[in-house]
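With the numbering used here applied, the sequence shown corresponds to residues 96 to 613, in that order. Positions of the beta carbon are idealized from the N, C-alpha and C atoms, including for glycine. Notes to accompany the following structure.
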Amino acid sequence: NFDFRDTYSPANPKSWSLTPNLPRNDNQPVAISISDASLIPGIYYLKIDSPNVSYRNNTQRAVVTSNVNVTLKNSATEAIVWAVDLRTNTPVANAPLRLLDQTLQQISGGMTDSNGLWRGELSKTDVYRNVVYAVLGQPGDELFGMAVSNWNQGITPWDFELRANFSGPRPTIYIYTERPVYRPGDTLHFRGIIRDIYDGRYSDAGFKTVTVGMSDPNSKVVEQTVEVSDYGTFDGDFALPANAIPGDYNLVSRPDGKDEANNSWLYFQVADYRKPEINLSVSLSPDPASSGEKLTGKVNAEYFFGAPVADLPFQWRLYSRSSYFSIPSFQAGIYNTKWLSGATGRFGLPYLTGEGRTGADGMFSIPFDEIKTESTLELTLEVTATESGGFPFSARESVTLHPARFYAGIRPDAWFGQAGTALGYSLLTVDWDQEPVSKTLAVNFQKVRWERSGGLYGNYEFTPIYTPVESKTITTASDGTARVSFMPAEAGTYMLDVSGEGAHSQDMLWVGGAEQAS
Numbered sequence: 096n097f098d099f100r101d102t103y104s105p106a107n108p109k110s111w112s113l114t115p116n117l118p119r120n121d122n123q124p125v126a127i128s129i130s131d132a133s134l135i136p137g138i139y140y141l142k143i144d145s146p147n148v149s150y151r152n153n154t155q156r157a158v159v160t161s162n163v164n165v166t167l168k169n170s171a172t173e174a175i176v177w178a179v180d181l182r183t184n185t186p187v188a189n190a191p192l193r194l195l196d197q198t199l200q201q202i203s204g205g206m207t208d209s210n211g212l213w214r215g216e217l218s219k220t221d222v223y224r225n226v227v228y229a230v231l232g233q234p235g236d237e238l239f240g241m242a243v244s245n246w247n248q249g250i251t252p253w254d255f256e257l258r259a260n261f262s263g264p265r266p267t268i269y270i271y272t273e274r275p276v277y278r279p280g281d282t283l284h285f286r287g288i289i290r291d292i293y294d295g296r297y298s299d300a301g302f303k304t305v306t307v308g309m310s311d312p313n314s315k316v317v318e319q320t321v322e323v324s325d326y327g328t329f330d331g332d333f334a335l336p337a338n339a340i341p342g343d344y345n346l347v348s349r350p351d352g353k354d355e356a357n358n359s360w361l362y363f364q365v366a367d368y369r370k371p372e373i374n375l376s377v378s379l380s381p382d383p384a385s386s387g388e389k390l391t392g393k394v395n396a397e398y399f400f401g402a403p404v405a406d407l408p409f410q411w412r413l414y415s416r417s418s419y420f421s422i423p424s425f426q427a428g429i430y431n432t433k434w435l436s437g438a439t440g441r442f443g444l445p446y447l448t449g450e451g452r453t454g455a456d457g458m459f460s461i462p463f464d465e466i467k468t469e470s471t472l473e474l475t476l477e478v479t480a481t482e483s484g485g486f487p488f489s490a491r492e493s494v495t496l497h498p499a500r501f502y503a504g505i506r507p508d509a510w511f512g513q514a515g516t517a518l519g520y521s522l523l524t525v526d527w528d529q530e531p532v533s534k535t536l537a538v539n540f541q542k543v544r545w546e547r548s549g550g551l552y553g554n555y556e557f558t559p560i561y562t563p564v565e566s567k568t569i570t571t572a573s574d575g576t577a578r579v580s581f582m583p584a585e586a587g588t589y590m591l592d593v594s595g596e597g598a599h600s601q602d603m604l605w606v607g608g609a610e611q612a613s
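Okay, structure coming up:
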C-alpha cells in the first residue's frame, strides 16, 4: 500500500538531524547509526528526508531486527521455512510459525521441527500478484523472525538467466479455427482442448462443459455451451450472419462458464474479400546478399487454372529498412539513431520504383545492380497489379543485405565507465553463419558530442560529432577474439568504432567523472 506507506506517521517517533561534511559533485555512501542501544526484535519504520530536496522524497523503509534468520521458499501451492538462531547458529525448534498473504490473512502455519524446518501446503494464492509473509513468533519475542517472498534481490531465477513460471495449477485452453479469416455468411468451425498444466505436467482439468462466446467488433456476444469429451476436447461452430460486420472478432472460452482458464482467447477476422483471379508471386535473390552484389527480382503471374498471364501491367517498389545481425552478448553493426525520427513504415522507406509487363510466359525479371549499404538492411520487393474487375492485388518478397562478408561484435566490460580508469572491450569476428573468422580491424575510440537542431513538426534532431581520442589496428585470433582497452580522460559519451573490409560496428557508453559532461 504505497499511499499508506507514504503518509504513515508513527506515534512518538525518534528523530535526529545530520549534516554530512562531504565534497560537492562526489557521490559516496554515508554510514548513519540509527540507535545508541540494541533494538528489541521487531519491525521498525525508517524514513529519511531533507529540506534541500525539491522533489517528492519517498525514502522510507520497513526494517526488521531479529536474532533469527528466517529463510522462505514457496511456490503457488507449498512453502518451506528454515529458522536459525544467529547468536548460536543452531536451528530454532518448536517455534510457532504463521504464513500470511498480502492482506495479512493466514494461509498456512504450524511449528518448526527439531531442525528448524517447516514445510506445508498453501491455500490458493497468486504469487505473481501477491507476496507471502513467514512470521516466527510475535514482535518483541526473543525469537521473533520474519521473511517475505519478494526479498529476492540478486537471487531470482532471472539473475541466473533461468526461466521460471510461478503460476499454480490452473486450467489452460487451446482453441483454434480451421482458418484465420471468414466472409459474412460463412460457418466458423472451432476445436479446443482443456488441461490442467502444472509443474511441467498435463492432467485432466475435470470440466464437463465449456461456454464459448463469439464477440463482434461492436462487442456483441453470442454464446453456446459445448460438452467436453473424456479426452478433454470440445468442438462446435458459429454461423456468421450474411450481414456480419467486417472487422476483428474473438472467441472466448470459459470452462463450466467460469473465468479461470489461461489462453482462452482466439482472434479471427471477418472480411468482404474475394478470391483473386490471378496467382501473383515474387522472388528476390540471392538471399542473403552482400553490399554491392547484384540482385534479381522475378515476377510470375498465372491464372489459378495454371495458364500464364501474358502482357499484365504492374508497378513495383523496392523498400529498404534497417535490420540487424545478432551475435549473442555482443553489439554488432553501426549505432542506429534513425529510431529517433519516428516510424518508417511497415516495409521501410521506398528505395526504388518502376513499372513492367509480363511476357508471354507470364514472367518478368527486374535487375538491381550494386545496391550498397554500410549497415544491415532488409530489402522488400512489392509488386502490385490490377485484375480485369479493377481489383488490385500484390505479392512481396524480402532478403537480407549484409554490409560485408563478416561482422565484428563489441562487448564492453562495463556499461558505465569512470574518467581516468581504463575501459576494456572484448571483440569477436564471425561470418554470416556465426562461425569465428580471423580479421584485421581498425579500432577507433572517440568522444561524442550531440548537436541539437529543430526538426519537422517540432521534433528535435540530434547529430553526433566525433572527436578522435585513440586509434589502433588489431587482428583477431583464429577463434575470432581480441581484446582492446582505452583510457577516457574526462566525463562524457564515448564511442568505440570498429571497421574492416566493409564491416562496421559501434558501441556507445557513458563515462562519469567530476567535471561537467557535454
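Problem set entry | Spatially closest choice to residue 512 from 539, 477, 531, 584, by CA coordinates | 584
Exercise. Contact between the stretch 244-262 and the stretch 325-339: three or more CB pairs below 8 Å?
Worked result: no
For this session: Could you tell me the distance, in whole angstroms, from the CA atom of residue 66 to the CA atom of residue 159?
Result: Because the chain in this structure spans residues 96 to 613, residue 66 falls outside the shown range and cannot be described.
Exercise. Could you give the residue range of the beta strand (DSSP E) that holds residue 103?
Worked result: Where residue 103 is concerned, there is no enclosing beta strand (DSSP E), given that its DSSP letter is neither H nor E.
For this session: With distances taken Cα to Cα, identify the nearest neighbour of residue 101 among 208, 410, 143.
Result: 143
Problem set entry | Closest residue to residue 212 among 196, 191, 197 (Cα-Cα distance) | 191
Exercise. Residues bridged to residue 297 by DSSP?
Worked result: 292
Exercise. For residue 540, which three-state DSSP category applies?
Worked result: strand
Problem set entry | Span of the beta strand (DSSP E) around residue 215 | 212-216
Exercise. Residue 110 bridges to which residues according to DSSP?
Worked result: Paired residue(s): none; residue 110 is not in a bridge.
Exercise. Whole-angstrom Cβ separation of residue 392 and residue 476, contact assumed at under 8 Å?
Worked result: 5 Å
For this session: Would you check if the stretch 479-489 and the stretch 498-510 touch, i.e. whether three or more CB-CB distances between them fall below 8 Å?
Result: no
Problem set entry | Rounded straight-line distance, which links the Cα of residue 196 to that of residue 207 | 19 Å
For this session: Return the first residue and the last residue of the beta strand (DSSP E) that residue 177 is part of.
Result: 173-180
For this session: With residue 271 as the anchor, note down where its beta strand (DSSP E) starts and where it stops.
Result: 265-272
Problem set entry | Where residue 606 falls: helix, strand or coil (DSSP) | strand
Exercise. Is the beta carbon of residue 319 within less than 6 Å of some heavy atom of the ligand GTP?
Worked result: Because no ligand of any kind appears in the structure shown, any question about the ligand GTP cannot be addressed here.
For this session: For residue 183, count neighbouring Cβ atoms within 10 angstroms of its own Cβ and tell me buried if that reaches 16, exposed if not.
Result: exposed
Exercise. When the Cα of residue 527 is compared with those of 543, 154, 385, which residue comes out closest?
Worked result: 385
Problem set entry | Helix, strand or coil at residue 383 according to DSSP, with G and I counted as helix | coil
For this session: Compute the beta-carbon to beta-carbon distance between residue 292 and residue 267, rounded to the nearest angstrom, for a pair I have assumed lies under 8 Å.
Result: 5 Å
Exercise. Hey, is the stretch 231-238 in contact with the stretch 163-180, meaning 3+ C-beta pairs nearer than 8 Å?
Worked result: yes
Exercise. Is residue 467 closer than 7 Å to residue 595 when the C-beta atoms are compared?
Worked result: no
Problem set entry | Through-space distance from residue 407 to residue 457, alpha-carbon basis | 8 Å
Problem set entry | Three or more C-beta pairs below 8 Å linking the stretch 410-423 and the stretch 459-473 | yes
For this session: Take the Cβ of residue 99 as the centre, count every other Cβ of all protein chains shown within 10 Å, and call the residue buried at 16 or more, exposed below.
Result: exposed
Exercise. Using a Cβ-Cβ cut-off of 6 Å (strictly less than) and excluding sequence neighbours within five positions of residue 577, which residues of its own chain qualify?
Worked result: 522, 569, 571
For this session: Look up residue 561 in the DSSP assignment and give the residues it is bridged to.
Result: 543
Problem set entry | Cross-strand partners of residue 286 (DSSP beta bridge) | 271, 330
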